[in-house]
Amino acid sequence: MKLTLQIWRQRDTKDPGHYETFEVDQLDVGMSLLEMLDRLNEQLVHEGKEAIAFDSDCRESICGTCGVNVNGRPHGPRPHVTSCMQRLRSFRDGETVRIEPLRSGAFPVRKDLVVDRSGLDRIIAAGGTVALPAGTAPDSDAVGVGHDQVERALDFAACIGCGACVSACPNGAAVLFTGAKVAHLSMLPIPAIEKVPRAEHMVAAMEDEFGPCSQYGECALVCPQNVPLTAIAFLQKERLKSLLHPRV
Amino acid sequence: MTNSTLPNTATAMTTPPPPSAAPGVMVGSQLNARIPDGDPETAWLRRRQEYRVVNPANRKKFTVAVVGTGLAGAGAAAALAELGFEVHAFCYQDSPRRAHSIAAQGGINAARARKVDNDSLYRFVVDTVKGGDFRGREAEAYRLGQESVRVIDHMNAIGAPFAREYGGALATRSFGGVQVSRTYYTRGQTGQQLQLSAYQQLMRQVQAGTVKLHPRTEMLDLIMEDGAARGVIVRDLVTGEIHAQVADAVILATGGYGTVYYLSTLAVGCNASAAWRAHRLGAYLGNPSMVQFHPTCLPVMTPWQSKTILMSESLRNDGRMWVPLKPGDERAPGDIPEAERDYYLERKYPAYGNLSPRDISSRAGKEQIDSGHGVGPMHNATYLDLADAIKRLGANTIWERYSNLLEMYRIAVGEDPMQVPIRIAPNTHYTMGGLWVDYNLMSSIPGLFVGGEANSSYHGANRLGANSLLSASVDGWFVLPYAVMDYLAGRLGQARPALDSTAVLSAFERAQARTEALLQVRGTRTPAEFHKQLGNYLWEGCGLNRSDKSLKTAIGQIRALRSEFWQDVLVTGKGLGVNQTLEKAGRVADFLELAELLCVDALDRDESCGAHFRIEHQAAGEAVRDDDHWMFASAWATTAPLDFATNPTLRFTRHAEPLHYTNIQPARRNYQ
Ligand SMILES: Cc1cc2nc3c(=O)[nH]c(=O)nc-3n(C[C@H](O)[C@H](O)[C@H](O)COP(=O)(O)OP(=O)(O)OC[C@H]3O[C@@H](n4cnc5c(N)ncnc54)[C@H](O)[C@@H]3O)c2cc1C
Numbered sequence: 002m003k004l005t006l007q008i009w010r011q012r013d014t015k016d017p018g019h020y021e022t023f024e025v026d027q028l029d030v031g032m033s034l035l036e037m038l039d040r041l042n043e044q045l046v047h048e049g050k051e052a053i054a055f056d057s058d059c060r061e062s063i064c065g066t067c068g069v070n071v072n073g074r075p076h077g078p079r080p081h082v083t084s085c086m087q088r089l090r091s092f093r094d095g096e097t098v099r100i101e102p103l104r105s106g107a108f109p110v111r112k113d114l115v116v117d118r119s120g121l122d123r124i125i126a127a128g129g130t131v132a133l134p135a136g137t138a139p140d141s142d143a144v145g146v147g148h149d150q151v152e153r154a155l156d157f158a159a160c161i162g163c164g165a166c167v168s169a170c171p172n173g174a175a176v177l178f179t180g181a182k183v184a185h186l187s188m189l190p191i192p193a194i195e196k197v198p199r200a201e202h203m204v205a206a207m208e209d210e211f212g213p214c215s216q217y218g219e220c221a222l223v224c225p226q227n228v229p230l231t232a233i234a235f236l237q238k239e240r241l242k243s244l245l246h247p248r249v
Numbered sequence: 006m007t008n009s010t011l012p013n014t015a016t017a018m019t020t021p022p023p024p025s026a027a028p029g030v031m032v033g034s035q036l037n038a039r040i041p042d043g044d045p046e047t048a049w050l051r052r053r054q055e056y057r058v059v060n061p062a063n064r065k066k067f068t069v070a071v072v073g074t075g076l077a078g079a080g081a082a083a084a085l086a087e088l089g090f091e092v093h094a095f096c097y098q099d100s101p102r103r104a105h106s107i108a109a110q111g112g113i114n115a116a117r118a119r120k121v122d123n124d125s126l127y128r129f130v131v132d133t134v135k136g137g138d139f140r141g142r143e144a145e146a147y148r149l150g151q152e153s154v155r156v157i158d159h160m161n162a163i164g165a166p167f168a169r170e171y172g173g174a175l176a177t178r179s180f181g182g183v184q185v186s187r188t189y190y191t192r193g194q195t196g197q198q199l200q201l202s203a204y205q206q207l208m209r210q211v212q213a214g215t216v217k218l219h220p221r222t223e224m225l226d227l228i229m230e231d232g233a234a235r236g237v238i239v240r241d242l243v244t245g246e247i248h249a250q251v252a253d254a255v256i257l258a259t260g261g262y263g264t265v266y267y268l269s270t271l272a273v274g275c276n277a278s279a280a281w282r283a284h285r286l287g288a289y290l291g292n293p294s295m296v297q298f299h300p301t302c303l304p305v306m307t308p309w310q311s312k313t314i315l316m317s318e319s320l321r322n323d324g325r326m327w328v329p330l331k332p333g334d335e336r337a338p339g340d341i342p343e344a345e346r347d348y349y350l351e352r353k354y355p356a357y358g359n360l361s362p363r364d365i366s367s368r369a370g371k372e373q374i375d376s377g378h379g380v381g382p383m384h385n386a387t388y389l390d391l392a393d394a395i396k397r398l399g400a401n402t403i404w405e406r407y408s409n410l411l412e413m414y415r416i417a418v419g420e421d422p423m424q425v426p427i428r429i430a431p432n433t434h435y436t437m438g439g440l441w442v443d444y445n446l447m448s449s450i451p452g453l454f455v456g457g458e459a460n461s462s463y464h465g466a467n468r469l470g471a472n473s474l475l476s477a478s479v480d481g482w483f484v485l486p487y488a489v490m491d492y493l494a495g496r497l498g499q500a501r502p503a504l505d506s507t508a509v510l511s512a513f514e515r516a517q518a519r520t521e522a523l524l525q526v527r528g529t530r531t532p533a534e535f536h537k538q539l540g541n542y543l544w545e546g547c548g549l550n551r552s553d554k555s556l557k558t559a560i561g562q563i564r565a566l567r568s569e570f571w572q573d574v575l576v577t578g579k580g581l582g583v584n585q586t587l588e589k590a591g592r593v594a595d596f597l598e599l600a601e602l603l604c605v606d607a608l609d610r611d612e613s614c615g616a617h618f619r620i621e622h623q624a625a626g627e628a629v630r631d632d633d634h635w636m637f638a639s640a641w642a643t644t645a646p647l648d649f650a651t652n653p654t655l656r657f658t659r660h661a662e663p664l665h666y667t668n669i670q671p672a673r674r675n676y677q
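Top to bottom, those sequences are chains A and B.
Position one of the first sequence corresponds to residue 2 (the working numbering), numbered consecutively onward.
Position one of the second sequence corresponds to residue 6 (the working numbering), numbered consecutively onward.
Right, dumping it as C-alpha cells:
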C-alpha cells in the first residue's frame, strides 16, 4: 500500500508552521496510523532529519495521550477510535492523507503534531475532585449504590481526556469533557456532596480557556469512549442549580 | 490455623548464599530488611506505632520530590500534600492522568472478606505468598491485605464507580489462581477508574498550591549529598532545559521496566531510566530477572508493531487454545479438521486445561510457536477458539461477555473473532523486580523511597493477578505517607543542598554530559533499531525459558550491542526543544545496561521459581525451587565509573535478603 502524506511541521509554538509532503509505500494495512509515523520517522532520522514529533503512550486507546487530525477529523477516519488504534486498512491505496495536530485555540502547538492540552487539567483541578483526605472514607458497603447507577456513572467516567471533542467543536468548547466529569461525580453518593460548588468552579475554569457550546454535537461524534451527549445537558442543569444556590 | 498466636517456627535458608554461577559476580552481604520481629500479622501496626510524626506547623518546611504520577506516585504526592508537606510531582506524559496504571483492565484485589465464601486476611496472604512462589516477604503480604480495605473505601469515596450488586453492595469477581472472589472492578477498565480518581486528588492539591506539578518532565539523575538522596535532575521535554529540584526526600514511583523487551503490554514511553540512574548511584536492584509474561496478548502482525495489546485472560474461560498438528500448516483454521488440531493445553495439563496458570500457558504457547506450529501470517501465534462456546452457549451470550475485547480485536486485527479464532501469543507484562526497598519502602540510599511497580516488594517471583493495582495504591496512599514522615522527622532543622553545591552541580553536569554525548555520536542506527535488537536478544535469552547457555549468549550479545550503541547511535535534532529521538536514546542506553544485569541475575539464580524458569530446574514442566540455597531475595549493586556518557564495564555484586516464613509453610505448586 502507498500513501501520500501531508504532515504539519512546526518548530515551536511561535513558528507559523507549514505542511510537508511525504510519499510512503510498502505499507501493511495492519499497521496503525502511528506505526506508519514511526516508520516514517525512522526513515527521516536515517536521512539525518528531525523526526516528526507526535504524542502517544499506551497505544491501546485508554491513556488519551495520542490524537491527531486526519483529513480534518480528530483521531482519524474510523469513528470513535483513537489515533493509535486507527489502522491503515481504513485508507485507499494511493490516497493523500493530511495529518495535523488536534486543532483548537485552547491547544497551542508545541511542536509538529504535539499540542498543549493542560487546560483540561485545569478544569479538573478547579473542581473535578473530592475534598476527602486519605484514610477518612466511610465503609463503601455501608453507603449502597444501585447497580445501574454506577454503570451510568461509568459511561461518563470513561472519558480519556484526549481533547478530540474540543478539536471537533467549531467553537473549541470543552463542555462534553466538563459535563462528563460533573455527571460522573454527581451520580456517586460521596462525590455528589460537593456537586453545587463543583459545577460552578469547573464551569468558571472552562469558560476561562474554552469556547461556548452551540449544541452542534460534533464532540460526541468523535469521542473514542462514546461519552453520551447528555453530559452537556447535565452540565447545564448542574450549572443552573449552582446559580440558584448561594456560594459556599 | 489461626494466626493470632505468635509463631514459633521459622523457615529460612539452611546454608549461606551460594557462590554465583555467573562469571565475575561478587557475593556481597546479608541485608536486613527492617521487618518488625515477631508475628507478621501485627508487624505493620507495631511499625506504625514506632514511626515518628512531624508537627503540622513544621511540615511546610519539608520538600518531597515524587517522580511518577501513577497509582503509587499520585497517591503518595496527594497524601503527603494533604498532610501539609511541599510536594513536587513529575511525569513524562503531558498530563499526570495518563500514567500507565490507566491501562489495567481486570481489577483490584482486597481482603475485605465480607462474604461467606470463607475468604480471610489469612487466605489472601497465603495466595499472595504462594503466588510469589515463596520469594516475597510474608509480613508485607499481610500489610497489603490489611491496607486493601482502606484502599477500596478511599477509591470508592473519591470517585471510582466500582461495580455494584443490585442490592447496592460492592460486587467482586474471581481472578486467576484464587478460589474465592475478592477482585473489585469497574467493567474492563479498573485501572482507568482508579488512576483517574488518584489523579483528581493530585489535581486538588495542585489547585491548593501544595503540589507543584511538572508534566512532560523526565528524571535524568539523582542529587546525592552525604550518601543520601536530596533531589532530582530533570529535563523539561518541551524546552529541553535541564534543571535541578532539591528535596528532603525523593520518592520514585516510575512503574515497571517491561519495555526493556521492546514489545510488551506497557506503554511505549515506560522506561527504567529513573530507577536505573538511582541504581548506578547505589540503590540496590532487587530480583531484576523476575518478569511476568502474559499468555494472551495480540500477536505481532507487522514488523512495525510497537506494542502487544493485552487481551484479558477471562477469554480463556470460554476459549480453547490450539495449533495445527502439522508444522507450517497454511490452511485457514476452518479448513483444519478436528483430528488435525492439537489442543495443547488440554493435552498437557488435563486438570486445568485452558485455565492453566499464566506462566505455564505462556511457556506451552511459546513451545508450539518455536516448534513450527505457530499460526497467522508471521507464524507467531496460537489460536484461542470461541467456536465451541458459541455453539454451546449461543453467540449472544459470548458477545455479551466479551464484547469490548472482541470489538478491540476486530479493530486491531480486522477479523471477526465470532467467525475466526482469535490469534494470541505470550508477551512481557509485569516486572516483579525493581529497586530493592526495606519494609519502610526505603531503598539502600537513605532518603530515596520507591513505590509501586518500580520496587521489588510484595510479589516475589510471580505476581498474582489484580494484586499490583493494590500494591501501587497501598504504597502510595497508606505506606509512604507514614514512612516518609518518619524519615523527615529525623531531618528537622537540616538544610537541603544549595543549588550551587557540589552535590547539585555534579548531578547536573552528569545529566548534561549524557545528553550531549548522545547527540554527538552521530552514527548510522536509530535508537529504536537498538531497542528492537535488544528486545530480540532478551526474549530469546532471558524470556519465558532461561538456560545457562541462553543467558551467557544473551549477556555477550547485550555487551556487544551496548558498545555498538555508543559508537553508532544516530540522534538527530538538538538538546533544546522537543526531541523525542533524544528521549528514546536516553531510555535505550539505560535499557542496555539494565538488560545485562537482568540476564546476570537469571544466570546467577540457579533454580526455577515462579516466573523465573530455568530449564535445568523443572519437573514435568513445573518450576523446581531450591529453598535450601535460594530462599532469599537478590539485591544487586553495580559498580562502574559514575559517568553516564560512555560505556563502562559493569561489575555486579549480589547481596542477599534472607526470607522467613512463619505462618505459611513453603510448598510446591502443582497444576497437573
Ligand atoms: C495492560 C495492563 C493490564 C494490567 N491489568 C492489571 C489488573 O487488572 N490488575 C492489577 O492489579 N494490575 C494490572 N496491571 C499492572 C498494574 O497496572 C501496574 O503494575 C500498576 O498500575 C503500576 O502503577 P505505578 O504507579 O507503579 O506505575 P505507573 O502507573 O506505570 O506510573 C509510572 C509513572 O512514572 C512516570 N515516569 C516513568 N519514568 C519517568 C521518568 N524517567 N521521569 C519522570 N517520570 C517518569 C510516568 O510518567 C508515570 O507517571 C496491568 C498492567 C498492564 C500493562
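We treat Cβ as the ideally placed atom computed from N, Cα and C, and that holds for glycine.
* What did DSSP end up calling B:N652 once you bin it into helix, strand or coil? -> DSSP, read as helix, strand or coil, puts B:N652 in coil.
* **Residue-level contact to chain A via CB, B:F649, 8 Å cutoff** => Residue-level contact by beta carbon fails for B:F649 and chain A, as no gap is shorter than 8 Å.
* To do: Using alpha carbons as the reference points, say which of B:M326, B:Y407, B:N161, B:N409 lies closest to B:G379.
  => When each option's Cα is compared against that of B:G379, the closest is B:M326.
* Asked: Looking at B:E458 and ligand 1, is the gap between the Cβ and the nearest heavy atom below 7 Å?
  -> Under cutoff, so the answer is yes.
* **Inter-residue Cα distance where the pair is B:L453 and B:A254** => Their backbone Cα atoms lie some 6 Å apart in a straight line.
* Pairwise C-alpha distance: B:V576 and B:T531 -> Their backbone Cα atoms lie some 7 Å apart in a straight line.
* Can you name the residues of chain B whose CB is closer than 7 Å to the CB of A:K50? -> Within chain B, the residues near A:K50 are T577.
* To do: Taking only runs that begin and end inside the stretch 50-136 of chain B, name each unbroken beta strand (DSSP E) of 3 or more residues, in chain order.
  => Taking 3 residues as the shortest admissible run, the stretch 50-136 of chain B contains the following complete beta strand (DSSP E) segments, listed from N- to C-terminal end: 68-72, 91-95.
* Determine the chain B residues that contact A:V98 at a beta-carbon separation under 8 Å, and present them in chain order. => Neighbours of A:V98 in chain B, taken as residues whose beta carbon is under 8 Å from its own, are absent, since the nearest beta carbon is some 17 Å off.
* Residues near B:G150 in its chain [Cβ-Cβ closer than 6 Å; skip 5 each side] -> Excluding positions up to five away in sequence, the list reads A116, L126, F129, V130.
* Asked: When the distance is taken between beta carbons, is B:M208 closer than 8 Å to A:A126?
  -> Yes, they are a contact pair.
* What residue range is occupied by the uninterrupted beta strand (DSSP E) comprising B:V237? -> Note, B:V237: beta strand (DSSP E), 233-241.
* Check each residue of the stretch 149-169 of chain B: if its Cβ is closer than 9 Å to any Cβ of chain A, include it; give the result in chain order. => Answer in chain order: V154, R155, I157, D158, H159, M160, N161, A162, I163, G164, A165, P166, F167, A168, R169.
* **Minimum length 4: unbroken alpha helix (DSSP H) runs contained in the stretch 447-482 of chain B** => The DSSP assignment places 473-478 as complete runs of the alpha helix (DSSP H) inside the stretch 447-482 of chain B, in order along the chain (cut-off: 4 residues).
* Would B:I228 pass as a contact of B:S202 if the rule is Cβ separation under 8 Å? -> Not a contact, by the Cβ cut-off of 8 Å.
* To do: Select from B:K135, B:L88, B:T313, B:R119 the residue whose C-alpha is nearest the C-alpha of B:N668.
  => Nearest C-alpha to B:N668: B:K135.
* **Rounded separation between A:Q7 and A:E21 - CA only** => If I take the Cα positions, the gap works out to 5 Å.
* Asked: Which runs of the alpha helix (DSSP H) spanning at least 4 residues fall entirely within the stretch 540-612 of chain B, listed in chain order?
  -> You should have 553-573, 585-609.
* Would you tell me roughly how many angstroms separate the C-alpha atoms of B:T433 and B:Y266, rounded to the nearest one? => Answer to the nearest angstrom: the Cα atoms are 7 Å apart.
* Report the neighbours of B:R192 on chain A: residues whose CB is nearer than 9 Å to its CB, in chain order. => Those within 9 Å of B:R192 in chain A are E152, L155, A159.
* **First and last residue of the uninterrupted beta strand (DSSP E) at B:P329** => Segment 325-329, the beta strand (DSSP E) holding B:P329.
* What residues in the stretch 64-87 of chain A bring their beta carbon closer than 8 Å to a beta carbon of chain B? -> Near chain B, meaning a CB-to-CB distance below 8 Å, the residues of the stretch 64-87 of chain A are C64, G65, T66, R79, V82, M86.
* Mind reading off the beta-carbon distance from B:A84 to B:G481? Whole number of angstroms is fine, and I expect it under 8 Å. => With 8 Å as the limit, B:A84 and B:G481 qualify as a contact, their Cβ atoms being about 7 Å apart.
* Cβ neighbour criterion (16 or more within 10 Å) applied to B:M447 -> Of the residues assessed, B:M447 falls on the buried side of the cut-off, its CB having 16 or more other CB atoms within 10 angstroms.
* Out of B:S366, B:I365, B:H384, point me to the one whose CA is closest to B:I374's CA. => Residue B:H384 is the option with its Cα nearest to B:I374.
* Asked: When the cut-off is 8 Å and only beta carbons count, does B:T691 lie next to chain A?
  -> The structure shown does not extend to residue 691 of chain B, since chain B spans only 6 to 677, so no value can be given for it.
* To do: Using a Cβ cut-off of 8 Å, pull out every chain B residue sitting near A:L34, in sequence order please.
  => Going along chain B, no residue has its Cβ under 8 Å from A:L34, so there is no contact; the nearest lies around 11 Å.
* Asked: Within 8 Å (strictly less), CB to CB, does B:D573 reach chain A?
  -> With a threshold of 8 Å between beta carbons, B:D573 makes no contact with chain A.
* Asked: Do B:V251 and B:R235 come within 8 Å of each other at the CB atom, strictly closer than that value?
  -> Yes, they are a contact pair.
* Rounded straight-line distance, which links the Cα of B:V593 to that of B:Q572 -> Cα to Cα, the separation comes out at about 14 Å.
* Does any C-beta atom of chain A lie closer than 8 Å to the C-beta of B:R551? -> For B:R551, no Cβ of chain A is located within less than 8 Å of the residue's own Cβ.
* Asked: Per DSSP, which one or two residues make a beta bridge with B:Q623?
  -> Secondary-structure assignment with DSSP links B:Q623 through a beta bridge to B:A628.
* Would you mind listing the alpha helix (DSSP H) stretches within the stretch 189-234 of chain B that are 4+ residues and don't spill past its ends, in chain order? => Listed in chain order, they are 195-213.
* To do: Report whether the distance from the Cβ of B:G333 to the nearest heavy atom of ligand 1 is below 7 Å.
  => In terms of side-chain proximity, the C-beta atom of B:G333 is found no nearer than 7 Å to any non-hydrogen atom of ligand 1.
* Determine the burial state of B:T195: buried for a count of at least 16 other Cβ atoms within 10 Å of its Cβ, exposed for fewer. => By the 10 Å Cβ count, B:T195 comes out buried.
* What is the rounded straight-line gap between the Cα of A:A175 and the Cα of A:G212? -> Here the alpha carbon of A:A175 sits roughly 7 Å from the alpha carbon of A:G212.
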